[in-house]
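Residue numbers (our numbering), protein chains in the order written: chain A, 591 to 1091; chain B, 591 to 1091.
Protein chains: 2
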Amino acid sequence: MSDALQRLRAIISDVAALRAAEAILGWDQETYMPAGGAEARARHRAVLARLSHERLTSPEVGELLEQLREREGADPDPEDLDAQYIRLARTQYERATKLPSRLVQELTHAASLAKDAWRAAKQASDFSQFAPHLERLVELTIEKAEHLGYNEDIYDALLDLYEPGMTAAEVERVFAALKERLVPLVQQVSEAPQVHDAFLKQHFDPQVQWDFGMDVLRAIGFDLTRGRQDESAHPFTTSFSHGDVRITTRIFPNDWASGFFSTLHEAGHGIHSQGVPAEFYDTPLAWGKSLGISESQSRLWENVVGRSRGFWEFWLPRLARRFPGPLSGVDLDRFYRAINRVERSFIRTDADELTYNLHIFVRFDLERLLVSRRLDVRDLPAAWNAKMQEYLGIVPKKDAEGVLQDIHWSLGAIGYFPTYTLGNVLSVQYYDQAVREHPEIPDEMRRGKFDTLRIWTNQRIHRWGAIFNAVELTRRVTGGPLDSGPYIRYLETKYREIYRL
Amino acid sequence: MSDALQRLRAIISDVAALRAAEAILGWDQETYMPAGGAEARARHRAVLARLSHERLTSPEVGELLEQLREREGADPDPEDLDAQYIRLARTQYERATKLPSRLVQELTHAASLAKDAWRAAKQASDFSQFAPHLERLVELTIEKAEHLGYNEDIYDALLDLYEPGMTAAEVERVFAALKERLVPLVQQVSEAPQVHDAFLKQHFDPQVQWDFGMDVLRAIGFDLTRGRQDESAHPFTTSFSHGDVRITTRIFPNDWASGFFSTLHEAGHGIHSQGVPAEFYDTPLAWGKSLGISESQSRLWENVVGRSRGFWEFWLPRLARRFPGPLSGVDLDRFYRAINRVERSFIRTDADELTYNLHIFVRFDLERLLVSRRLDVRDLPAAWNAKMQEYLGIVPKKDAEGVLQDIHWSLGAIGYFPTYTLGNVLSVQYYDQAVREHPEIPDEMRRGKFDTLRIWTNQRIHRWGAIFNAVELTRRVTGGPLDSGPYIRYLETKYREIYRL
């Protein structure tokens, strides 16, 4: 290894340790930290973030990356890990240095104020309290996008932060095809007789919920010697190394499905993180992964597997043994339809598999309008409601259930939302490919076996870490482009059957 | 505040965040980290330790401390927190810079090898496997002591790391008085009819043990909004801020007392940490506290309070309600005698309150001989056994139960052991003083109330953080010197009664 690469690795190894420490402090904060620890924790995390940023953006890193340009080459082989390391380190370095520190500070400060204002505004369902903060954030975000740079569409600069290499035009293309088919499908479903799921809202003992979730975690192959599950207010996944991947869930005594599918969702992320090669950890090879790819892995287990009939052929008898009361007399068909109940509703995070995407379309459209200055923040609530009407056919009565529901914009995270639906699309593209290569997968699932599927995702997806973006990986895995077709067919087939359309 | 002090505070605040992060990673490692996380965790912790060391020992810190000499003054007022900050920062800086980094690395490396060798040697009960490592560690420790500096006794340099300002001569003085009375007392007790405690070795449901421990934690005033208790293989206390103090315990299904007194011991440390002022945290005002003072607080709650008759007047009925099986028919006298059973044994960590000190005398004597080169490592097992015979009147049959039992020396921690017994001595000096000032304390304890005692320790001991060493604090609290008299009287009175001597 060249001296320059060795030196670069040494610096980045320090950055990695600081980032890992910050992640561990974050995990602890959400799981076990007593309330009294909050103030100091914020201070300690801020120092770690500053120190890792200082190291990553030091002039020496810039010089080393210059020296290593030749080693990197123009279009490095994905298997040339040194070249990929340099390429991805450069991405990290440029992203961190392109923004003037003045702007970073202003964004942090504005977001900190905005988050508090957002909470209060949501509480009072009063958008006017949040509007000046959001205006400021949109202005700063536009400035940020200008610094990051883009070809045609300013939105591309923001999207790239979460979905490397993706463009708004490409998202638009995928979403257009989805809208054309999903909006009418949701309309049809909403006119069909509704599925009954009242039996899912009975009392389910939390400890038994937990134990069943752990059984399923073990069965699908989340490795508990290299990870763990805990409880937190908002489920999340975080990883500190190949051998230490943490997921969390949230358990409601009267809503078993919510906690269970949270577990499966985070398990998908966790299995992804456990599948990234050990030697990628603490390096840029594991940083800045496509969120669409990540989401494809969580949605694969949560929905494509976890909300499938085959999965419950095996697991329903086991669940019913644990909850003989609430599930007595519930057969597979009734259960399967209940966990796939579709209902047009106002809140994205409560939405079912099908309508979820429509919530994303609302946000994607509005974000694009905001950052291209075609929509004024003060007109946002009306625009929100119009989009809800357009896609879902329902309009929230108050902003707390509408434009104020999500935390993302108050954090300055504009460009993030589309990755959720890209993940849904990819989850089915990848699953279909896995079944094409291993037609035994659905049968195995019906017998409670998941190794073939999981190992396939390890070998075809996880092992690449951050080396491929969503388009590149999809080409490599399926031989084709990012394509909404399989996902549309999946949803249409599934929900036409469930709703007998 | 002067510019220099402000700048010093800024640097040390970064050091503090790195240290806090390292402590949090350490806590997680002992409590929740999955086995697979060990390798990366060691790497991450090493980076944090190196970065905080680099910052603390940077030339700028040295220059700032030079500029601040005048502000510090010769013998700063304990209430002048800026001056104390500078003084204690200087202590930290000097301690960190006095040792050449070559020596620090050699020590770390030798200790790392020695720890593995010690484990294997203990497993095989074969001292010869450990001897060459200990020889090397003793040589490096002597070199370390020479760099740290001392007046007359080389041991003073090592002791000062754990017990600031303490000298071997002073320890010798205190220990001599203790030996004179405790060695014969243990002898007398061992000849008296033994106390029966078999009922304590029955099955105690772990969850019920945990719940009872939590009740007592709350009652004595460990603040659970600013702290928590978890389980770990080896109980410990760690604190990340005034609002986040963590203790751990270990629960054995067939040995209720072990887990319970661990909880009380760590709770004493925890109450101490929760009593250090918020503004001392993340500064040298909270670093490098006397371990003797710390141990006085754990022993106060574990032994002076927790193994007293008055404490159990209130708690035994409550414990018996939780464990009606094992404790049926056990009256206060029988219970009190059982939890204070004295037995000469080989293992320090299993020793009772009385014989514990004799194990410390063995180690203190041998450490002094080793670092003054009056004892050769190869002669250590024989010397150990001779000392055991001298103080306890028993001799272990194998080195695993003798010279190989403790991890401390394999870590290079020579000079640490005496602080345990100093803590015992201080626990009674401080408790006696508290009762002199608040004669209602024993009565309150009998009614399950602990506020007067706890608040007294807050106001007289904890609030000073690291500002006073053990001798200074004792003078301030009791008006006199470190004095073994009260501790001897306490032990003699208590154990003569229990053993009817």
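Cβ atoms here follow ideal geometry from the backbone N, Cα and C, with glycine treated the same way.
Because the structure is a prediction, the values reported are computed rather than measured.
First through last residue of the beta strand (DSSP E) which encompasses residue i
{"i": "Ser1000/A", "result": "That residue, Ser1000/A, is in no beta strand (DSSP E); it is neither H nor E in DSSP."}
Identity of the residues DSSP links to residue i by a beta bridge
{"i": "Val835/A", "result": "Gly817/A and Ser829/A"}
{"i": "Phe842/B", "result": "Asp845/B"}
Listed by chain order, chain A residues near residue i by CB distance under 7 Å
{"i": "Phe830/B", "result": "Gly627 and Ala630"}
{"i": "Val651/B", "result": "By Cβ distance, chain A contributes nothing, its closest Cβ being about 16 Å from Val651/B, past 7 Å."}
{"i": "Leu638/B", "result": "Ala607 and Ala611"}
{"i": "Leu724/B", "result": "The premise fails here: Leu724/B is roughly 32 Å from chain A at the closest Cβ pair, so nothing lies under 7 Å."}
Extent of the continuous alpha helix (DSSP H) run through residue i
{"i": "Thr757/A", "result": "That residue, Thr757/A, is in no alpha helix (DSSP H); it is neither H nor E in DSSP."}
{"i": "Trp1130/B", "result": "Missing from the structure shown is residue 1130/B; chain B here goes from 591 to 1091 and no further."}
{"i": "Asn947/A", "result": "Tyr946 to Val961"}
{"i": "Glu644/A", "result": "Ala628 to Leu646"}
{"i": "Gly652/A", "result": "Pro649 to Gln657"}
{"i": "Ser603/A", "result": "Asp593 to Thr621"}
{"i": "Leu678/A", "result": "Leu671 to Lys688"}
{"i": "Leu906/B", "result": "Arg899 to Arg912"}
{"i": "Val1067/B", "result": "Ala1060 to Thr1068"}
{"i": "Arg1098/B", "result": "The first residue shown for chain B is 591 and the last is 1091, placing residue 1098/B beyond what the model contains."}
{"i": "Phe802/B", "result": "Pro796 to Ile810"}
{"i": "Gly1075/B", "result": "Gly1075 to Ile1088"}
Chain B contact residues for residue i, given Cβ-Cβ distances below 9 Å
{"i": "Arg908/A", "result": "Under the 9 Å cutoff, chain B gives no residues; its nearest Cβ is about 25 Å from Arg908/A."}
{"i": "Leu948/A", "result": "Those within 9 Å of Leu948/A in chain B number zero; the least Cβ separation is about 39 Å."}
Interface residues of chain B facing residue i [CB-CB closer than 8 Å]
{"i": "Gly833/A", "result": "Pro624, Ala625, Gly626, Gly627, Ala628, Glu629 and Ala630"}
{"i": "Leu994/A", "result": "Under the 8 Å cutoff, chain B gives no residues; its nearest Cβ is about 31 Å from Leu994/A."}
Residues that residue i contacts on chain A, provided the C-beta gap is smaller than 8 Å
{"i": "Arg1053/B", "result": "Within 8 Å Cβ-Cβ: nothing; Arg1053/B doesn't reach chain A, min ~18 Å."}
{"i": "Arg659/B", "result": "Chain A residues near Arg659/B: none, gap ~28 Å exceeds 8 Å."}
{"i": "Leu703/B", "result": "By Cβ distance, chain A contributes nothing, its closest Cβ being about 23 Å from Leu703/B, past 8 Å."}
Residues that residue i contacts on chain B, provided the C-beta gap is smaller than 7 Å
{"i": "Leu775/A", "result": "The premise fails here: Leu775/A is roughly 42 Å from chain B at the closest Cβ pair, so nothing lies under 7 Å."}
{"i": "Leu646/A", "result": "Within chain B, no residue comes near Leu646/A; the closest Cβ sits about 14 Å away, beyond 7 Å."}
{"i": "Leu772/A", "result": "Near Leu772/A there are no residues of chain B at all, since even the closest Cβ is about 40 Å away, more than 7 Å."}
Proximal chain A residues relative to residue i, where beta-carbon distance stays under 9 Å
{"i": "His634/B", "result": "Ala606, Ala607, Leu608, Ala610, Ala611, Ile614, Phe830, Ser831 and Asp872"}
Interface positions of the region 797-820 of chain A facing chain B (Cβ-Cβ less than 9 Å), listed along the chain: Asp813, Leu814, Thr815, Arg816, Gly817, Arg818 and Asp820
Residues within the region 865-899 of chain B neighbouring chain A, beta-carbon criterion of under 9 Å: Ala868, Tyr871 and Asp872
Chain-ordered residues of the region 593-622 of chain B with a beta carbon less than 9 Å from chain A: Ser603, Asp604, Ala606, Ala607, Leu608, Ala610, Ala611, Glu612, Ile614, Leu615, Trp617, Asp618, Thr621 and Tyr622
Continuous alpha helix (DSSP H) assignments of at least 4 residues falling wholly in the region 871-895 of chain A: 881-889
Whole alpha helix (DSSP H) elements within the region 963-1041 of chain B, 4-residue minimum: 970-981, 1008-1027 and 1031-1036
Interface residues of the region 1075-1091 of chain B facing chain A [CB-CB below 9 Å]: none
Every unbroken alpha helix (DSSP H) inside the region 706-792 of chain B [4 residues or more]: 717-738, 744-752 and 758-781
Residues within the region 970-982 of chain A neighbouring chain B, beta-carbon criterion of under 7 Å: none
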